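J.:
2 protein chains.
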Amino acid sequence: MVIRRLRQAARRMCAVATVESVLMNIGEIARRAGVSRSTVSYALSGKRPVTGETRRRIQAVIDEIGYRPNAAARALKEGRTRTLGLVIPPANQRLTDMQLGFVASVVEAAARADLDVLLSPSGGDHDRSFERVVTGRRVDGVILMEIRLEDERVVRLRESGLPFVTIGHTANPYGTCWVDVDYPTLIARCVHHLADLGHRSLALVNRSAELLAIGYGPAHRALAGFTEAVAQRGLTGVELTCADDAAAGESCFEQLRDQHPDVTAVVTINEAALPGLQRGLERAGLVVPRDMSLAGVAARHWAEDFRPQLTAADIPTVEMGASAVDLLLERIAAPEAPARHLLLAPPVSLRASTGPAPR
Amino acid sequence: MVIRRLRQAARRMCAVATVESVLMNIGEIARRAGVSRSTVSYALSGKRPVTGETRRRIQAVIDEIGYRPNAAARALKEGRTRTLGLVIPPANQRLTDMQLGFVASVVEAAARADLDVLLSPSGGDHDRSFERVVTGRRVDGVILMEIRLEDERVVRLRESGLPFVTIGHTANPYGTCWVDVDYPTLIARCVHHLADLGHRSLALVNRSAELLAIGYGPAHRALAGFTEAVAQRGLTGVELTCADDAAAGESCFEQLRDQHPDVTAVVTINEAALPGLQRGLERAGLVVPRDMSLAGVAARHWAEDFRPQLTAADIPTVEMGASAVDLLLERIAAPEAPARHLLLAPPVSLRASTGPAPR
DNA sequence: TGCTTTCTGCGAATCGATTCGACGACTCGG
DNA sequence: CCGAGTCGTCGAATCGATTCGCAGAAAGCA
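Chains as they are written, first to last, in my numbering: chain A, 1 to 359; chain B, 360 to 718.
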């Protein structure tokens, strides 16, 4: 008892020595307002009525010393953290613009709902950061992006019981909540558009061979959509992989020129390669769309930065991020409800990069 | 008493009904291992010796049911959250590549130290998200970026007593920890390099007029460094502002050609405008560096994507982000220690975009 | 054998907020 | 004027982990 009093005395001295705001818990508010801690809590939450006069006194004290409830204590008691986890690709690979768009819109949507976002830079493997987020009760739910057809993170999350939503979807689309772009349909629309313009020989500039190898969803689905649409229209199709940068785009184009000179139209989902394709076209003295047509799936600003502006389905990153947050909030509120999906197929915006096939 | 026992019974039923992993707190571990809660805690932290046999038994139980300590409870007791806050620009403006580089490297460096990162998308004004982070004890420290010469967020953080580090620095550099690039020096080096090559009339393509108006540090410091160096060498200098995108870069270049045709060299800190400058140069039929020299400050991949590759000081975003985390950890460990700074002046890499002035 | 010292492990207090039962002070109808 | 029902507030338990003081047991020494 003596010891405890000594410790309390020491703490009081410490409190005096440092900034006033160091000691501001609900008990201190209660003491200064002359009420009990529970009354302060009820005045703040409104879960039980509190007389106007009392509430005003409490509010005055709170405003005076700038009190905000301790997030950890609240999370402990309530069993929820008001925080969402967002798993992003590890930092060694630069985020693509699309990924960045998702991050920004998820963060924005979460902020609108007064939720914070905890970042976990995690690749496919078990990762300390990912494990912390999944298993440490640090977040109420998780948003996962860069989904592979077979994704062990999805398996891990499912067995953990933590609510989660993915941006992109695995080979088995059932039982999990996700938002995705309908790559096969969009690529098919591009192929049909080009076929309608008379093109007979098309190339697909896909994402990198590595991504394809690890089973990255968009790369596989774009490929599938391309081959099917090409077959359906009786065209010849060339499939190329290309790393996510301008230099790769340029060499990819050169390879195309060398090995498949008969190709008159290119379909791509690789935004980052666009500047390189542009350079390659210029160096080869080709004019778009007179000598070569281009179409694809890309973030709007990539399409608009291309010259001439690119015929493309603009990926609605903002809408997708916001929807992912909405779905996740639903799932957190009702974990047992059936999983919902959202498969978006934004229209292909006809811009200036596609035209009749050259003869 | 009866009521409490009823409630406990209800909880037990609930625990049986749901996934096993739902009930896994330190007490459960202790029960299964046949020891007390404190022993489990000591076995995990190693802060007091625990017999090998006991430790093994505890570890076995932990491995079996996959226990991880509850982050909120730990944060509450320890008074620290093992989380860093990162304040990023609000989502309505797209992050620049430099900003993205900072975010990625901060997250990466934090992950290496087993810390999580909480994102707060906050502009200059008081913002719910920012306030939550600063005042809710949700983080042990904060990293702030996009610093203005007078920045109220810095003021707010300083008076809150929360440790923080800024990437970029305010007009008064003392008393806070920061990491920054020495824009005046780098710009001056570019100017001197161009002056040595015989250029007499230079232009600075700065960031946007809006950023300059709100007192954005890099824009002001680049401007100051430019005017001083130009004056020192007796050159004529033109100052232009330019929004952060290719279209703006293109129109900025056109404005330059129209109004200042005597300019033979451009210095820029605006990476995002580079593709636009490139387009403008091509459309005007100018060859770099024969007709016009370019130099500046940019992330490496922007410089290398330029054709010809850009003479530029490459911003070490990875190093800066990592240093910011290091400084912040130091500051958290010793809040009263004198503030440290890091002002980086990476060398100007001579690439192919600068050459002798045309005659 | 008896006493001190070192090991181990336990019980209880603690962090800060929420929430539930209870209780005193009212009002109101009969 | 009295019992029933409301209203406002309080005290105490609780969330899950850490940590401090303390108590047996084992070991060392005389």
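Glycine included, every Cβ here is placed at the ideal spot set by N, Cα and C. Quick caveat, the model's predicted, so the values are computed rather than measured.
Using a beta-carbon distance cut-off of less than 9 Å, what residues from the region 628-648 of chain B approach chain A?
T.: Pro-634, Gly-635, Arg-638 and Glu-641
J.: Could you tell me if A/Gln-232 is buried or exposed, where buried requires 16 or more neighbouring beta carbons within 10 angstroms of its beta carbon?
T.: To locate residue 232 of chain A, count along the first sequence from 1; it is residue 232. Its Cβ having fewer than 16 others within 10 Å, A/Gln-232 is exposed.
J.: Does the CB of A/Asn-70 have a neighbour CB from chain B at under 7 Å?
T.: Against the first sequence, residue 70 of chain A aligns to sequence position 70. Yes, A/Asn-70 counts as interfacial toward chain B.
J.: What residues of chain A sit near B/Thr-494, judged by a beta carbon separation below 9 Å?
T.: Along the second sequence, one-based indexing puts residue 494 of chain B at 135. Result: Ser-21, Gly-66, Tyr-67 and Arg-68.
J.: DSSP three-state label for A/Tyr-42, please.
T.: Counting from 1 along the first sequence, the entry for residue 42 of chain A is found at position 42. It is helical.
J.: Mapping the DSSP letters down to three states, classify B/Ser-380 as helix, strand or coil.
T.: In the second sequence, residue 380 of chain B corresponds to position 21, counting from 1. For B/Ser-380, the predicted structure reports a pLDDT of 45, less than 50, and the residue's modelled location is therefore unreliable. A value from the coordinates is still provided. Residue state, collapsed to three classes: helix.
J.: Suppose only complete runs of 4+ residues qualify. What are the alpha helix (DSSP H) ranges in the region 252-326 of chain A, listed by chain order?
T.: 274-283 and 300-305
J.: Using only alpha-carbon positions, find the residue among A/His-220, A/Gly-79 and A/Val-165 that is nearest to A/Ile-187.
T.: Against the first sequence, residue 187 of chain A aligns to sequence position 187. Of the candidates A/His-220, A/Gly-79 and A/Val-165, the one whose C-alpha sits nearest the C-alpha of A/Ile-187 is A/His-220.
J.: Please report the distance separating the alpha-carbon of A/Ala-43 from that of B/Leu-688.
T.: Within the first sequence, residue 43 of chain A is the residue found at index 43, counting from 1. Within the second sequence, residue 688 of chain B is the residue found at index 329, counting from 1. A/Ala-43 and B/Leu-688: Cα-Cα distance of roughly 37 Å.
J.: Output, in chain order, the set of chain B residues within a Cβ distance shorter than 9 Å of A/Leu-118.
T.: Mapped onto the first sequence, residue 118 of chain A falls at position 118. Under the 9 Å cutoff, chain B gives Thr-442, Asp-475, Val-476, Leu-477 and Leu-478.
J.: Can you tell me the Cβ-Cβ gap for A/Leu-274 and A/Gly-237, rounded? I've got them flagged as a contact below 8 Å.
T.: By 1-based counting over the first sequence, the position of residue 274 of chain A is 274. By 1-based counting over the first sequence, the position of residue 237 of chain A is 237. Contact between A/Leu-274 and A/Gly-237 is ruled out by a C-beta separation of about 20 Å, above the 8 Å threshold.
J.: Look up B/Thr-525 in the DSSP assignment and give the residues it is bridged to.
T.: Working through the second sequence from its first residue, we reach residue 525 of chain B at position 166. Per DSSP, B/Leu-503 and B/Trp-537.
J.: Threshold first: 4 residues or longer. Then list the alpha helix (DSSP H) segments lying entirely within the region 50-74 of chain A, N to C.
T.: 52-65
J.: At a CB distance below 9 Å, what residues from the region 694-710 of chain B approach chain A? Give them in sequence order.
T.: none
J.: When you compare only the Cα positions, how much space is there between A/Leu-344 and A/Ile-315?
T.: On the first sequence, residue 344 of chain A is found 344 positions in, with the first residue counted as 1. On the first sequence, residue 315 of chain A is found 315 positions in, with the first residue counted as 1. Annotation: A/Leu-344 to A/Ile-315 spans about 9 Å, alpha carbon to alpha carbon.
J.: Give a yes or no on whether 7 Å exceeds the smallest Cβ distance from A/Arg-138 to chain B.
T.: Walking along the first sequence from the start, residue 138 of chain A turns up at place 138. Yes, A/Arg-138 counts as interfacial toward chain B.
J.: For a test of the three-state rule: what should DSSP assign to B/Ala-562, helix, strand or coil?
T.: One-based indexing of the second sequence puts residue 562 of chain B at position 203. DSSP places B/Ala-562 in strand when its eight states are reduced to three.
J.: What are the boundary residues of the alpha helix (DSSP H) that includes B/Ser-488?
T.: Residue numbering aside, residue 488 of chain B sits at position 129 when the second sequence is read from its first letter. Per DSSP, the continuous alpha helix (DSSP H) segment holding B/Ser-488 begins and ends at 487-494.
J.: Report all residues from its chain with a CB closer than 7 Å to the CB of B/Thr-494; omit the five preceding and five following residues, and keep chain order.
T.: The count along the second sequence starts at 1 and reaches residue 494 of chain B at position 135. Closer than 7 Å at the Cβ level, and outside the excluded window around B/Thr-494, lie Ser-519.
J.: What's the call for A/Leu-350, buried or exposed, on a 16-neighbour Cβ count within 10 Å?
T.: The residue labelled residue 350 of chain A in the question sits at position 350 within the first sequence. The residue is exposed, with fewer than 16 neighbouring Cβ atoms inside 10 Å.
J.: Hey, is A/Val-87's beta-carbon within less than 7 Å of any beta-carbon in chain B?
T.: Mapped onto the first sequence, residue 87 of chain A falls at position 87. For A/Val-87, the answer is no, since every Cβ of chain B falls outside 7 Å of its Cβ.
J.: Taking Cβ to Cβ, would you say B/Gly-635 is nearer than 7 Å to B/Glu-613?
T.: Along the second sequence, one-based indexing puts residue 635 of chain B at 276. Along the second sequence, one-based indexing puts residue 613 of chain B at 254. Cβ distance not < 7 Å, so B/Gly-635 and B/Glu-613 don't count as in contact.
J.: Suppose contacts are defined by Cβ-Cβ distances below 7 Å. Is B/Arg-396 in contact with A/Ala-71 by that definition?
T.: Here the question's residue 396 of chain B lines up with position 37 in the second sequence. Here the question's residue 71 of chain A lines up with position 71 in the first sequence. Their beta carbons are not under 7 Å apart, which means B/Arg-396 does not touch A/Ala-71 by this criterion.
J.: Give me the Cβ distance between B/Ala-683 and B/Val-498, rounded to the nearest whole Å; I'm assuming they're in contact under 8 Å.
T.: On the second sequence, position 324 is the one that residue 683 of chain B refers to. On the second sequence, position 139 is the one that residue 498 of chain B refers to. About 14 Å separates the beta carbon of B/Ala-683 from that of B/Val-498, a gap too long to meet the 8 Å contact definition.
J.: Roughly how far, in whole angstroms, is the beta-carbon of A/His-193 from the beta-carbon of A/Thr-264, given that I think they are within contact range, below 8 Å?
T.: Reading the first sequence from its first residue, position 193 is the one you call residue 193 of chain A. Reading the first sequence from its first residue, position 264 is the one you call residue 264 of chain A. Incorrect: roughly 13 Å between the Cβ atoms, too far for contact.
J.: Could you work out which residues of chain A lie near B/Asp-720, taking near to mean beta carbons separated by less than 7 Å?
T.: Nothing about residue 720 of chain B can be reported from this structure: the residues present for chain B run from 360 to 718 only.
J.: For A/Val-35, name the three-state secondary structure that DSSP assigns.
T.: Working through the first sequence from its first residue, we reach residue 35 of chain A at position 35. In the structure shown, A/Val-35 sits in coil (DSSP, three-state: anything other than H, G, I, E or B).
J.: Tell me the rounded alpha-carbon separation between A/Ala-272 and B/Val-707.
T.: Against the first sequence, residue 272 of chain A aligns to sequence position 272. Against the second sequence, residue 707 of chain B aligns to sequence position 348. Rounded to whole angstroms, A/Ala-272 to B/Val-707 spans 26 Å at the Cα level.
J.: Among residues of its own chain, excluding the 5 on either side of A/Leu-119, which ones have a beta-carbon nearer than 7 Å to its beta-carbon?
T.: Start at 1 with the first residue of the first sequence, and residue 119 of chain A comes out as number 119. Contacts found: Leu-86 and Ile-88.
J.: So, using beta-carbon positions, are A/Ala-312 and A/Ala-303 closer together than 7 Å?
T.: As a first step, residue 312 of chain A is located in the first sequence; it is residue number 312 there, counting from the start. As a first step, residue 303 of chain A is located in the first sequence; it is residue number 303 there, counting from the start. Yes, the Cβ-Cβ distance between A/Ala-312 and A/Ala-303 is below 7 Å.
J.: Just by C-beta distance, which residues in the region 95-111 of chain A are closer than 7 Å to chain B?
T.: Leu-95, Leu-100, Ala-104, Ser-105, Val-107, Glu-108 and Ala-111
J.: Does any CB atom of chain B fall closer than 7 Å to the CB of A/Ser-353?
T.: Here the question's residue 353 of chain A lines up with position 353 in the first sequence. Using a CB distance cut-off of 7 Å, A/Ser-353 does not count as an interface residue toward chain B.
J.: Are the region 62-76 of chain A and the region 95-104 of chain A touching by the rule of at least three beta carbon pairs closer than 8 Å?
T.: no
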